[in-house]
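Engineer: In the working numbering, the protein residues as written are -1 to 748. Backbone N, C-alpha and C fix where the C-beta goes; we use that ideal spot for every residue, glycine too. Shown below is the structure under consideration.
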């Protein structure tokens, strides 16, 4: 059923007066009354089916329900249950603002006894097409400088944002509608004209499901070598959600190759076949049906082709909202939530209101987004059709669109939450020239993949292999080193470990080094990768980009080596790996007093190196030391070393200006000069940086704060000095009568 947008008489009058005021500079900020009571607002929905009022109530209910109630009601119901409790202890403002979020004009909602809405539109907001709007604010939160104070916000667009058929091309109440089918074919037709979206149909997976024509109720498993002529196929990304009731096994092989009824398949599979038929595609690839289950040899062979399977699919169908094979693709939804609300503004013409909801959340926060295999599937597929709980989304190298915005999602929605890997185009016909930010994009990819989940953690390397192989085309001069590229080795080595729920391994703040036994990063029982690789742990990671200007490397890489089980597959299983380097190895240890752990240098623990519990009432300190374990295990009491690796300072030439020193915490192994990674540290401020790079010539001197007297000034890197060593090579000058650089060592990290 189509949703038809209407406005109540109050909205029509309010908006007309507000836009008319734009003609008069003295009146363009005048407040125009809107609904003056809660009952009037609800009545406009029930009796006049007002689209704008319905959106206001829906989003106020959503926000207030989260703020003032223990549970959140089912928000798919009609908005008739707004009660006094929803308004209790709340005070709101209504505001207009520009794309830079500057508040131009606001007005009050009288609560809790009355609901007194006003509206205004500023001429300032019309300076740029499609970036002006309205908002509702929680005044109490606004007074607390709460950035989440906004309640209901609307963007206002012109007709161009939706296309010429915006009026007739209305959203239906289900993603199974004929309109959705038409949109898919529209997007496919557009995509075929994109220069970077060309695909070849020379590759076919080993096995495919032959779904016949649109009227066929039978499906048959076929070998691709038996297909005559050219053929297209689509793929399905889905959550298994435990046992999948329909699988290819030795016992089901005969039945599947001779044919079976479509109604025997689970709902998600049936609906994926229906979508393939929308585009007149005869073949579909579904992992559980096209890879022999419980057969290690077939799995190993087919897993190596996964990259090609998704890279050459006509398009990939993504079952985003379904948690298992029974959830299906299609979803019923409240069409008004995603339908643009039209209004003809005086002297401006047709404009459309749309709430500033997180449009792409169904992509990033769906059940399927947590699957590690899907990270690879989504990256490799040239075209993706997402079935979310809200609406369809389309992705290809040339277009990111949805049902609300079939011509492309505007930048105001597609700024930070949308798929940020579309700039890395690995598809046939696309330019493979590396871009300056490709290494940064790789880091974000590693972060996202590390946060995803695997049913079998032993799949961690192979589920990432296709991504690594495609990036190799972008970095032809780089060597792939167990999840890190040699061209960005320093950032790749300085990753930080987090728990899989996103909390840091040291969760209690950057000033404190708490050992939390309840948060651990799992270490695989079987060797997977060297300890310096993020792939060696089962945890979320953060990729460390240089924190400041002018990063200076404090180590010299001498050798990198990774040995693979199969040397012809350098993204596969790893036998061993090591990095040999020259650097400043600072012997250290840890001592614990209560919950606070302090670092020990020069055989003693001084107050100047203690990281104390933070007093919330105290002003923040410039100097701090953050150390994070890679796992939940305690740091050993001895045989701990700090390896400074990257020093970042400001561009100011006259001052060291709050430097940041990053490095690794290492533990000694039984082999001489060989260490393994235990964690990561970051030192902020001169005191900690100096203590890690230099040592007193006379450690026994009695001086309560010796490091505070160390005076560093940055000089040009490579400057010659009688002191020699890394420090002076990087332009750091110091009084060598009192201090000496920490001893340089050649060491190996495994």
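Can you say whether residue 264 is buried or exposed, counting buried as having 16 or more other CB atoms within 10 angstroms of its CB?
Structural biologist: The residue labelled residue 264 in the question sits at position 266 within the chain shown. That one is buried.
Engineer: Going by the beta-carbon positions, is the gap between residue 308 and residue 206 smaller than 8 Å?
Structural biologist: As a first step, residue 308 is located in the chain shown; it is residue number 310 there, counting from the start. As a first step, residue 206 is located in the chain shown; it is residue number 208 there, counting from the start. No.
Engineer: By DSSP's criteria, residue 221 is part of a beta bridge. Which residues make up the other side?
Structural biologist: For the purposes of this step, residue 221 is taken as residue 223 along the chain shown, with counting starting at 1. Paired residues: 205.
Engineer: Roughly how many angstroms lie between the CA atoms of residue 45 and residue 33, to the nearest whole one?
Structural biologist: In the chain shown, residue 45 corresponds to position 47, counting from 1. In the chain shown, residue 33 corresponds to position 35, counting from 1. Going from the Cα of residue 45 to the Cα of residue 33 covers about 14 Å.
Engineer: Would you mind working out which of 387, 329 and 370 sits nearest residue 361, comparing C-alpha positions?
Structural biologist: The sequence position of residue 361 within the chain shown is 363, counting from 1. If we check each option's Cα against that of residue 361, 387 comes out closest.
Engineer: Whose C-beta lies closer than 6 Å to the C-beta of residue 520 among residues of the same chain, with five residues either side of it excluded?
Structural biologist: Within the chain shown, residue 520 is the residue found at index 522, counting from 1. If we look at residue 520 and ignore the five residues flanking it on each side, its Cβ neighbours are 536.
Engineer: Quick test of your reading: residue 209 and residue 217, contact by CB under 8 Å. State the CB separation rounded to the nearest angstrom.
Structural biologist: Along the chain shown, one-based indexing puts residue 209 at 211. Along the chain shown, one-based indexing puts residue 217 at 219. Contact holds; Cβ gap of about 5 Å.
Engineer: Assign residue 252 to one of three DSSP states: helix, strand, or coil.
Structural biologist: Residue mapping note: residue 252 aligns to position 254 of the chain shown, counting from 1. It is helical.
Engineer: Please classify residue 626 as buried or exposed, where buried requires at least 16 neighbouring CB atoms within 10 angstroms.
Structural biologist: As a position in the chain shown, residue 626 is number 628, starting the count at 1. Under this definition residue 626 is a buried residue.
Engineer: Kindly indicate which three-state DSSP category residue 334 falls into: helix, strand or coil?
Structural biologist: Your numbering for residue 334 matches position 336 in the chain shown. In this structure, residue 334 counts as helix in the three-state DSSP scheme.
Engineer: Could you give the C-beta distance for residue 643 and residue 488, rounded to a whole number, given that I count them as a contact under 8 Å?
Structural biologist: Taking the first residue of the chain shown as position 1, residue 643 is located at position 645. Taking the first residue of the chain shown as position 1, residue 488 is located at position 490. Contact flag correct, Cβ pair sits at about 6 Å.
Engineer: If you draw a straight line from the alpha carbon of residue 509 to that of residue 531, how long is it in whole angstroms?
Structural biologist: Within the chain shown, residue 509 is the residue found at index 511, counting from 1. Within the chain shown, residue 531 is the residue found at index 533, counting from 1. Interpretation of residue 509 is limited by its pLDDT of 26, a score under 50 that renders its predicted location unreliable; the figure taken from the coordinates is listed afterwards. Roughly 26 Å separates the two Cα atoms.
Engineer: Buried or exposed, going by whether 16 or more other CB atoms sit within 10 Å of the CB of residue 324?
Structural biologist: As a working note, residue 324 is residue 326 in the chain shown. When all chains shown are included, residue 324 counts as exposed.
Engineer: Shortest alpha-carbon distance to residue 539 belongs to which of 402, 681, 230 and 441?
Structural biologist: Along the chain shown, read from residue 1 onward, the residue named residue 539 stands at position 541. Cα-wise, what sits closest to residue 539 is 441.
Engineer: Can you find the residues in the same chain that come closer than 8 Å, C-beta to C-beta, to residue 481, ignoring five residues on each side of it along the sequence?
Structural biologist: For the purposes of this step, residue 481 is taken as the residue at position 483 of the chain shown. Cβ within range, chain order: 444, 462, 466, 490, 527, 531, 532 and 533.
Engineer: Restricting to Cα atoms, I'd like to know which of 663, 280, 290 and 185 is closest to residue 779.
Structural biologist: Residue coverage of the chain in this structure runs from -1 to 748, which leaves residue 779 outside it and unanswerable.
Engineer: Three-state secondary structure (DSSP) at residue 764?
Structural biologist: Outside the modelled stretch of the chain, which goes from -1 to 748, sits residue 764, for which no answer is possible.
Engineer: If you run the structure through DSSP and keep just helix, strand and coil, what is residue 176?
Structural biologist: On the chain shown, position 178 is the one that residue 176 refers to. Residue state, collapsed to three classes: helix.
Engineer: So, is residue 278 buried or exposed, given that buried needs 16 or more other C-beta atoms within 10 angstroms?
Structural biologist: Against the chain shown, residue 278 aligns to sequence position 280. Looking at its Cβ environment, which holds fewer than 16 other Cβ atoms inside 10 Å, residue 278 is exposed.
Engineer: Any idea what DSSP makes of residue 200, helix, strand or coil?
Structural biologist: Here residue 200 corresponds to residue number 202 of the chain shown, with the count starting at 1. If DSSP states are grouped into helix, strand and coil, residue 200 belongs with coil.
Engineer: Out of 214, 346 and 203, which one is the CA nearest neighbour of residue 225?
Structural biologist: By 1-based counting over the chain shown, the position of residue 225 is 227. Closest by alpha carbon: 203.
Engineer: Ends of the beta strand (DSSP E) at residue 464?
Structural biologist: Translated into positions along the chain shown, residue 464 becomes position 466. Note, residue 464: premise wrong, no beta strand (DSSP E); alpha helix (DSSP H) at 460 to 469.
Engineer: Ignoring anything shorter than 4 residues, give me the alpha helix (DSSP H) runs that lie fully in the segment 346 to 422, in order along the chain.
Structural biologist: Taking only runs of at least 4 residues, the alpha helix (DSSP H) segments lying wholly in the segment 346 to 422 are 359 to 362 and 370 to 378.
Engineer: Identify every residue that forms a DSSP beta bridge with residue 156.
Structural biologist: On the chain shown, residue 156 is found 158 positions in, with the first residue counted as 1. Residue 156 pairs with 349.
Engineer: As a quick exercise: from 457, 368 and 153, pick the residue whose alpha carbon is nearest that of residue 294.
Structural biologist: Position 296 of the chain shown, counting from 1, holds the residue named residue 294. Checking every option, the nearest Cα to that of residue 294 belongs to 457.
Engineer: To the nearest angstrom, how far is the alpha carbon of residue 373 from that of residue 587?
Structural biologist: Locating residue 373 in the chain shown gives position 375, counting from the first residue. Locating residue 587 in the chain shown gives position 589, counting from the first residue. Those two C-alpha atoms are separated by around 40 Å.
Engineer: Roughly how many whole angstroms lie between the Cα atoms of residue 499 and residue 343?
Structural biologist: For this step, residue 499 is matched to residue 501 along the chain shown. For this step, residue 343 is matched to residue 345 along the chain shown. At residue 499, the pLDDT of 47 sits below 50, so the modelled position is not reliable; the number obtained from the coordinates is stated separately. Cα to Cα, residue 499 sits roughly 47 Å from residue 343.
Engineer: Mind the definition here: the segment 310 to 327 touches the segment 230 to 237 only if three or more C-beta pairs lie below 8 Å; say whether that holds.
Structural biologist: Yes, they touch.
Engineer: Residues in the same chain with beta-carbon distance under 8 Å from residue 743, minus the five sequence neighbours each way, listed in chain order, please.
Structural biologist: For the purposes of this step, residue 743 is taken as residue 745 along the chain shown, with counting starting at 1. Around residue 743: 580, 581, 582, 583 and 671.
Engineer: Tell me the DSSP secondary structure of residue 562 in three-state form.
Structural biologist: Locating residue 562 in the chain shown gives position 564, counting from the first residue. In the structure shown, residue 562 sits in a strand (DSSP, three-state: E or B).
Engineer: Quick one: Cα of residue 259 to Cα of residue 268, how far?
Structural biologist: Translated into the one-based positions of the chain shown, residue 259 becomes position 261. Translated into the one-based positions of the chain shown, residue 268 becomes position 270. Their Cα atoms are separated by approximately 10 Å.
Engineer: Any beta-carbon of chain D closer than 8 Å to the one on residue 553?
Structural biologist: Of the protein chains in the structure, only one exists, and it is not chain D.
Engineer: Assuming residue 317 and residue 185 are in contact, meaning their beta carbons sit under 8 Å apart, how far apart are those beta carbons, in whole angstroms?
Structural biologist: Indexing the chain shown from 1 puts residue 317 at position 319. Indexing the chain shown from 1 puts residue 185 at position 187. 18 Å between Cβ atoms; not a contact.
Engineer: For residue 750, which beta-bridge partners are listed by DSSP?
Structural biologist: Any property of residue 750 remains undetermined from this structure, which presents the chain solely from -1 to 748.
Engineer: Looking only at its own chain, which residues have a Cβ that is under 6 Å from the Cβ of residue 141, when we skip the five neighbours before and after it?
Structural biologist: As a position in the chain shown, residue 141 is number 143, starting the count at 1. Caution applies to residue 141, whose pLDDT of 46 falls short of 50 and renders its modelled position unreliable; the model cannot decide the point.
Engineer: Just to confirm, are residue 339 and residue 357 a CB contact at a threshold of 8 Å?
Structural biologist: Residue 339 sits at position 341 when you count from the first residue of the chain shown. Residue 357 sits at position 359 when you count from the first residue of the chain shown. Contact: no.
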